[in-house]
Each structure stands twice: as structure tokens, then as C-alpha cells.
Amino acid sequence: MSGATSGRSEAIIERMHALHPKLIDLSLGRLEALLGKLGHPERMLPPVVHVAGTNGKGSTCAFLRAIGEAAGRRVHVYTSPHLVRFHERIRLAGQLVGEDALSDALEEVERVNGDTPITVFEITTAVALLLFSRVPADLLVLEVGLGGRFDATNVVASPAATAIASISMDHMEFLGDTIGKIAFEKAGIIKPGVPCATGRQQPEALSVIAARAAELGAPLLARDAAWRMERAGTAHRYTDAAGEITIPELGLRGAHQPDNAGIAIAALRAWNPAWLNEDAIIRGAAAAEWPARMQRLRGRLAPPAPWELWLDGGHNAGAGQALAATLEEFRDRPLHLVIGMKQGKTAAGFMAPILPLATSVRAVSEPGQHLAMPVEDIIAASGGVAKPGPDVRAALRRIQAEEAPGRVLICGSLYLAGEVLKLD
Numbered sequence: 000m001s002g003a004t005s006g007r008s009e010a011i012i013e014r015m016h017a018l019h020p021k022l023i024d025l026s027l028g029r030l031e032a033l034l035g036k037l038g039h040p041e042r043m044l045p046p047v048v049h050v051a052g053t054n055g056k057g058s059t060c061a062f063l064r065a066i067g068e069a070a071g072r073r074v075h076v077y078t079s080p081h082l083v084r085f086h087e088r089i090r091l092a093g094q095l096v097g098e099d100a101l102s103d104a105l106e107e108v109e110r111v112n113g114d115t116p117i118t119v120f121e122i123t124t125a126v127a128l129l130l131f132s133r134v135p136a137d138l139l140v141l142e143v144g145l146g147g148r149f150d151a152t153n154v155v156a157s158p159a160a161t162a163i164a165s166i167s168m169d170h171m172e173f174l175g176d177t178i179g180k181i182a183f184e185k186a187g188i189i190k191p192g193v194p195c196a197t198g199r200q201q202p203e204a205l206s207v208i209a210a211r212a213a214e215l216g217a218p219l220l221a222r223d224a225a226w227r228m229e230r231a232g233t234a235h236r237y238t239d240a241a242g243e244i245t246i247p248e249l250g251l252r253g254a255h256q257p258d259n260a261g262i263a264i265a266a267l268r269a270w271n272p273a274w275l276n277e278d279a280i281i282r283g284a285a286a287a288e289w290p291a292r293m294q295r296l297r298g299r300l301a302p303p304a305p306w307e308l309w310l311d312g313g314h315n316a317g318a319g320q321a322l323a324a325t326l327e328e329f330r331d332r333p334l335h336l337v338i339g340m341k342q343g344k345t346a347a348g349f350m351a352p353i354l355p356l357a358t359s360v361r362a363v364s365e366p367g368q369h370l371a372m373p374v375e376d377i378i379a380a381s382g383g384v385a386k387p388g389p390d391v392r393a394a395l396r397r398i399q400a401e402e403a404p405g406r407v408l409i410c411g412s413l414y415l416a417g418e419v420l421k422l423d
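Counting from 0, one number per residue, gives the positions in the sequence shown under numbering that gives the first Met the number 0.
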């Protein structure tokens, strides 16, 4: 793909930023009007599993896709944000959208929209829905961008199932300042009579979700009530009303991933239990992949053995707690953290659970990182524990020169993760 060709879609998306003064303006009206002009592609989709949550919704989408594909099905996927290229957000029947198809759809939607005010996420969601409506598939895995109730993806009125991953405090300026308020926004994807699968939630969040599901007559598939996921030696045992499945391996690493895998299985089995068999669930759970979720890096950035380099994009208090549970498995060797965060995030809340597990901590701010938090602010939020990186490459050099060999984890931001993947 030539540089000129790959830049075509980027140029169109950049033009779209001028259509609305805000990057985020949660509403459905603008997108519904545009979809009407496009012939309502949101009404011509394959069966949809709509996924919300604060942490884990991307991983849940990865399990949904992998299990669907292991069953021999064609699966569309829509996720955000991307890490390196926008094309990562749209997967058509198993393949990332091509540059020509993406650019052509962008130009079509841009032409139909004209100068009407609309956010970039809304117009790119219209592009994705248009593409999904034109390419045959058996399933569409649709990830919420922000919240749920007024998120652009919530224009899909009749999904086959919904799924809500772990809810914690994040994006409070848009969603509210309590777990209950945030859960109310996430529960906005629940539809009348449509099954909703959810995993472990704080009691306040689960109460809100359960109330909304009851109000709409939506069967609620809550963990430990409708389904269970338990350790069985080195494997995991999934159980629901349809039976029990022993899953030897999960493709995604982390103490929180069995919950995400269970949500995916529960949602698919509630929608169409005949659609996949036990073998597809086992093979799909093992095949799931999702970049920057406890990903082992082995490229140009990775230090030589016996060092290990890992990458994770979690960036809020809930993600910090989940990451800490995973890092308990790393106690056998020194752990060195390289932390870079986005402005506006609660750095102290993210770092509090993981700092006690670290041998050393470096604060970084990559030059290309979107709205990178200054190194000084990260150090202050760490209580002075962190030292300046000041960027990833310098931090890795200093760790190797000054610290005992062990594992290095770069974490704190999906935007930082994208920059790291470009370097690696």
C-alpha cells in the first residue's frame, strides 16, 4: 500500500474534525438523521452482540469474535480506539477493512452528510454500519465507544444480545460521578426482551443493570446467578443452564480475562445455543487476541534475555485493580513499571494497586502520545515513587543500566500503547 493511498482515509477523517466543535458530544439525533439519508444501514445488519463496559469490553469483543470464527462463522467487528491505524476499528467478515473500501465509504458518507454538524466518531460509526450492511456476515460484534445510552453505536435498535463488562469510575465528566450513574449509562444498551450478559460487578452497578433489565423484560445473565466461571486446576470450567464446558486455555492473559470470556460465552449461548458447539468455544477461547492487553513484546524495543517486556493499555482505577491481580503472578522476578497516562485520567487511582508490586517505576510522556500527561504530574500522583523516564526508550535504557533483570511492563494508556507498538 503506497503512502499516498494510505493517506487518503486519514485526510478525509482529518477534514471531518471541522464538522463539530467537540470531539465528544453524546447524542443519537445527528447520527440517526445521517443514517436516514444513507438508507438506514443500521437496519440491514447481521445479528449484533452489543458490548459496553468500563474495562474489558474490548477483550469481550475479542472472545466473541474468536469463538464465532472458531464455529466457522463470518464475523464483523467494530471497536475503538485504534492503536496504530484507523483500519483496526473495522473488521469485515474476518479481515481488517482495506484502504480503498474505507476511503470510498468515508467519501460517500461525507458527501451525504455535507456540512451538517456531526462528531468524527458519529460519522465513522456511520461508515462502519454502511460497510457492515454491504458485506455478508453471520455476526456483528459492536463495541460501545463511550457510555452506552447516548453512544453512537446505540442506534442499533434490535441486537441479538447485549453484554456489559466490568464497570468502574472513568469518563466521569460525561457519564456521572458515581458507579450507579455510570452503570445507568452503560445499561442504556439493554433492549426489550433481548438477553444481557454481565460479569462480576460492584453491587451498585449490578443493581442498576438488573433494574433496567427487569424494566425492559430483558433476561439478565449475571455471573454466579445465570452462569459461572471457576478454576479447574490450570483450566477454567464454564457452567450455565445448557451445561458445563472445561476450557483448557484462554488466549488473553490476566486474572480478569475469565470474566470477559464468560460474558462472551453467555451472550452467544443465550442468543443462539445451536450456533456454536463446545469445540468452537474451547478453540475460540484459546485463539482470542487483543493487542495491548498484557501483550508480550518481542520486537525492537524488547531488552535481551533474561529480560521480558510487556504492554498493557488499562488506564483507570478499575484497570489498575485488575492489573494488580494479574501482576501477582509476576512475583517471582523483579517488576519494573513504565507508566504514561492521558491528561484527565485519575493517575493516582490507577497506580495505587500496582505500585506496591513494583521494584521500580518510571514516568514517561511519548512525544506522539495523544494528550499525554506530563511526567511531573505522574510522579506527583505516585507520591514521588516514580522517577522520570522521560520517554519509553530512555526509560528502558535506564532500567537495564540501573535495575536487576526482570520484567518490564509499559502501561497506563491505550494511546501510549499505540506509540509503543509503532516503536516495536
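We treat Cβ as the ideally placed atom computed from N, Cα and C, and that holds for glycine.
Checklist entry - On the premise that Ser-167 lies in contact with Leu-259, defined as a C-beta separation below 8 Å, what is that separation, rounded to the nearest angstrom? => result Contrary to the premise, residue 259 reads as Asn rather than Leu in this sequence. Incorrect: roughly 14 Å between the Cβ atoms, too far for contact.
Item to check | Inter-residue Cα distance where the pair is Pro-302 and Lys-21 | outcome: 41 Å
Item to check | Extent of the continuous alpha helix (DSSP H) run through Ser-102 | outcome: 98 to 112
Checklist entry - CA-CA distance, Arg-7 and Glu-107? => result 13 Å
Item to check | Where the alpha helix (DSSP H) through Val-48 begins and ends | outcome: First-last for Val-48: 47 to 51, but that is the beta strand (DSSP E), not the alpha helix (DSSP H).
Next on the checklist: Among Pro-290, Glu-277 and Ala-362, whose alpha-carbon lies nearest the alpha-carbon of Thr-238?
Outcome noted: Glu-277
Checklist entry - Would you report the Cα separation of Ala-231 and Ser-206, rounded to the nearest angstrom? => result 29 Å
Item to check | Beta-carbon proximity list for Thr-78, same chain, < 7 Å, skipping 5 on both sides | outcome: Gly-57, Cys-60, Arg-88 and Glu-142
Next on the checklist: Tell me which residue opens and which closes the beta strand (DSSP E) that Thr-161 is part of.
Outcome noted: 160 to 163
Checklist entry - Using a Cβ-Cβ distance under 8 Å, would Arg-42 count as near chain C? => result Of the chains in the structure shown, none is chain C; there is only one protein chain.
Next on the checklist: To the nearest angstrom, how far is the alpha carbon of Gly-319 from that of Gln-294?
Outcome noted: 16 Å
Item to check | Run of the beta strand (DSSP E) containing Val-337, from where it starts to where it stops | outcome: Secondary structure note for Val-337: its beta strand (DSSP E) is the uninterrupted segment 334 to 338.
Checklist entry - Would Leu-296 pass as a contact of Asp-311 if the rule is Cβ separation under 8 Å? => result no
Checklist entry - Do Leu-395 and Pro-80 have their C-beta atoms within less than 8 Å of each other? => result no
Checklist entry - Is the distance from the Cβ of Trp-309 to the Cβ of Leu-408 below 8 Å? => result yes
Checklist entry - Whole beta strand (DSSP E) runs in the region 340 to 404 with 3 or more residues, listed along the chain? => result Listed in chain order, the complete beta strand (DSSP E) runs (minimum 3 residues) inside the region 340 to 404 are 359 to 362.
Item to check | Cβ separation of Arg-227 and Glu-121, assumed to be a contact under 8 Å, to the nearest whole Å | outcome: That belief does not hold up - the Cβ atoms of Arg-227 and Glu-121 are roughly 39 Å apart, past 8 Å.
Checklist entry - Do Leu-215 and Ile-189 have their CB atoms nearer than 8 Å? => result yes
Item to check | 6 Å CB neighbourhood of Ala-324 in its chain, flanking five on each side removed | outcome: Ala-254
Item to check | Sufficient close CB pairs (3 or more, under 8 Å) joining the region 42 to 54 to the region 93 to 111 | outcome: no
Checklist entry - Which class does Arg-252 belong to by DSSP, given the choice of helix, strand or coil? => result coil
Checklist entry - Can you name the start and end residues of the alpha helix (DSSP H) that Ala-321 belongs to? => result 316 to 326
Item to check | Nearest candidate by alpha-carbon position, reference Leu-145, set Pro-135, Phe-131, Ile-181 and Asp-114 | outcome: The residue with the shortest Cα to Cα distance from Leu-145 is Ile-181.
Checklist entry - Going by the beta-carbon positions, is the gap between Leu-129 and Ala-104 smaller than 8 Å? => result At a Cβ-Cβ threshold of 8 Å, Leu-129 and Ala-104 count as neighbours.
Checklist entry - From this set, Leu-219, Val-96, Phe-85 and Ile-11, which residue's C-alpha is nearest Ala-266's C-alpha? => result Ala-266 has its Cα closest to that of Leu-219, out of Leu-219, Val-96, Phe-85 and Ile-11.
Checklist entry - Which partner residues of Arg-430 appear in the DSSP bridge assignment? => result Past the edges of the chain, shown from 0 to 423, lies residue 430, and the structure says nothing about it.
Next on the checklist: Between Ile-409 and the ligand HEM, is there a pair consisting of the residue's CB and a ligand heavy atom that are separated by less than 7 Å?
Outcome noted: With respect to the ligand HEM, the structure offers nothing, as it holds no ligand at all.
Checklist entry - In whole angstroms, what separates the C-alpha of Leu-251 from that of Ala-285? => result The straight-line gap from Cα to Cα measures roughly 8 Å.
Next on the checklist: Taking DSSP's pairing of strands, which residues face Leu-95 in a bridge?
Outcome noted: Arg-90
Checklist entry - Got a sec, what are the start and stop residues for the alpha helix (DSSP H) Ala-231 sits in? => result That residue, Ala-231, is in no alpha helix (DSSP H); its beta strand (DSSP E) goes 226 to 231.
Checklist entry - Any idea if Gly-339 is buried or exposed, counting beta-carbon neighbours within 10 angstroms, 16 or more meaning buried? => result buried
Item to check | DSSP state of Ala-3 mapped onto helix, strand, coil | outcome: Because Ala-3 sits at a pLDDT of 38, beneath the cut-off of 50, its placement in the model cannot be relied upon, and the following sentence gives the value as read from the coordinates. If DSSP states are grouped into helix, strand and coil, Ala-3 belongs with the helices.
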